[in-house]
Amino acid sequence: MTLEIYLAYLAVIAIFFASPPGPSQVLMISNSLRHGWRRSTATIAGDLTANTFQMLAAGFGLAVLVSNSATMMGVIKWAGVAYLVYVGIRTFRAPPASLERSGSAGVPARRLFFQGFATSASNPKAVLFFAALFPQFIDPVLPIWPQLLVLGATYLVVDGVLLVAWGAGAERAFGRLRRNAGLLNRVSGSMMIGAAGLLAMKNVDVR
Numbered sequence: 711m712t713l714e715i716y717l718a719y720l721a722v723i724a725i726f727f728a729s730p731p732g733p734s735q736v737l738m739i740s741n742s743l744r745h746g747w748r749r750s751t752a753t754i755a756g757d758l759t760a761n762t763f764q765m766l767a768a769g770f771g772l773a774v775l776v777s778n779s780a781t782m783m784g785v786i787k788w789a790g791v792a793y794l795v796y797v798g799i800r801t802f803r804a805p806p807a808s809l810e811r812s813g814s815a816g817v818p819a820r821r822l823f824f825q826g827f828a829t830s831a832s833n834p835k836a837v838l839f840f841a842a843l844f845p846q847f848i849d850p851v852l853p854i855w856p857q858l859l860v861l862g863a864t865y866l867v868v869d870g871v872l873l874v875a876w877g878a879g880a881e882r883a884f885g886r887l888r889r890n891a892g893l894l895n896r897v898s899g900s901m902m903i904g905a906a907g908l909l910a911m912k913n914v915d916v917r
């Protein structure tokens, strides 16, 4: 892979990430407001882990299986939507005092990790996205897997950095909400339900 091809790849993913925030970004903003962006890096870890599995699935050719199974794609998508709605409603209805218990030491990082993982994994078309994206920048004369490693690692780094920026920016801009635990719960819960709505609007039609 030449430097020119790699720079072109960076430009493509920069354009991709310049789009309005999706479900993962909205979830990161919500968790950062409620728990702080540093603790919410567990959400980022979950998101990137799901992306890694999706890249591996694309690399091993599972994109063909996914693309030919509308039922599988629908089940994965709606399971994620239902999970986000459930978490959003629980957060929205949580009593104000729960914010004190869910501070930096109270919420298990594994829960935030799972939220990020489930939200990202619930988009089955990500496998198709990676399967379509990577071949455009791979030199077939050179070994394939090292190139996939570079492309995949670059995507994960850019995605992770931008998620941190979303979370830290939201916490700085709206950190005053943390003084009003009841309002913060309602805002965070609404954003999670909004993330579910964004995921629900993603098309899984494979025809």
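The opening residue of the sequence shown carries number 711 in this note's numbering; numbering runs sequentially from there. Note that CB positions come from ideal geometry on N, CA and C, so glycine has one too.
Each residue's CA atom was taken as its position, placing Leu-843 and Ile-739 some 27 Å apart. The count of Cβ pairs closer than 8 Å, one atom from the region 865 to 881 and one from the region 757 to 764, reaches three, so the stretches are in contact. Around the C-beta of Arg-820, fewer than 16 other C-beta atoms lie within 10 Å, and the residue is accordingly described as exposed. Cβ neighbours of Ile-903 within its own chain (closer than 8 Å, five residues either side excluded): Leu-794, Val-795, Gly-798, Ile-799 and Phe-802. Secondary structure at Arg-882: helix, using DSSP grouped into helix, strand and coil. Leu-758 sits in a helix when the DSSP states are folded into three classes. Note on geometry: alpha-carbon atoms of Phe-847 and Trp-855 lie some 12 Å from one another. When the alpha-carbon of Ala-767 is set against those of Phe-824, Ala-836, Asn-741 and Leu-822, the nearest one is in Ala-836.
At a cut-off of 4 residues, the continuous stretches assigned as alpha helix (DSSP H) that sit fully inside the region 821 to 870 are 835 to 843. Straight-line measurement puts the Cα of Val-736 at about 14 Å from the Cα of Arg-896. Here DSSP, grouped into helix, strand and coil, assigns Pro-731 to coil. Distance from the CA atom of Gly-862 to the CA atom of Arg-882, rounded to whole angstroms, is 30 Å. Taking the Cα positions, Leu-859 is about 17 Å away from Ala-718.
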